[in-house]
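In full-length UniProt numbering, the protein residues as written are 1 to 257.
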């Protein structure tokens, strides 16, 4: 059971490499914060493009995940300061003219990113239709959540929910290149190692790194930007999340009773 004086920030990430990088920063930040706890939940997938939730709206998907985690952790909605979902943009904002069929792509591959030409390549028309439908589904869910997320109702309590992105994915942000799945975790570990050994200085450096990848200081402006510039470089608005967490440093956390 959560301590009555403790407030919780609940953060959902898609995979283990996201957990490694985001978790390093949030674990470091929470040490500076009084009576505040950050719960990081790995979803192991993308709930906003998952066919199992195709009939659910973005806010409904978020609300269900939040409710499940509250029940699991024996928390109440009133314990939450806010909720964050960290997601990859996955090419959902690419110009339709940059969705190209390329017969040189191995049929076993659903698609490939071509970062240099800012294109998404497909082996067949069928694969293109399938992937585009998935991306469009994710785009719709996110648009709904971005519009309504700051006033979700969880167990009759209003909860603020925000979405933060890595474009095209975390590795694109960290290394300006894409990696196969089997290399992602080791790459994330190596990335964090260079900051972890520096202590507080390392935290400052990684915060500065994400600040350099953030296209705008304003949450809504950062989303408007990425809709137009998704594949130009590895952008991320995680710096806005980290700033939001730090804003509680000097605030007194009180339970809503």
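In this text, a Cβ means the ideal position worked out from N, Cα and C, and glycines have one as well.
- Considering only 83, 10 and 137, the residue with the shortest C-alpha distance to residue 51 is 137.
- By the C-beta density criterion, residue 43 is buried, having at least 16 other C-beta atoms within 10 angstroms.
- Under the criterion of beta carbons closer than 8 Å, residue 36 and residue 7 qualify as touching, at roughly 5 Å.
- The DSSP-derived three-state label of residue 112 is strand.
- The stretch 164 to 179 and the stretch 231 to 248 touch, with three or more beta-carbon pairs separated by less than 8 Å.
- Taking the CA atoms as reference points, residue 121 sits about 15 Å from residue 93.
- Per DSSP, residue 166 is one residue of the beta strand (DSSP E) stretching across 161 to 166.
- Assignment of alpha helix (DSSP H) within the stretch 48 to 128, counting only whole runs of 4 or more residues, yields 58 to 73 in chain order.
- In this structure, the alpha-carbon of residue 72 lies about 45 Å from that of residue 97.
- Assigned with DSSP and collapsed to three states, residue 11 falls in strand.
- Under the three-pair Cβ rule at 8 Å, the stretch 180 to 198 counts as touching the stretch 15 to 29.
- DSSP links residue 37 through a beta bridge to 8.
- Excluding five sequence positions before and after residue 126, none of the CB atoms of its chain fall closer than 8 Å to its own CB.
- By the Cβ test, the stretch 110 to 124 is not in contact with the stretch 138 to 152, since fewer than three Cβ pairs between them sit closer than 8 Å.
- With respect to the 8 Å criterion, residue 88 and residue 207 are not classified as neighbours on the basis of their beta carbons.
- At a Cβ-Cβ threshold of 8 Å, residue 63 and residue 154 count as neighbours.
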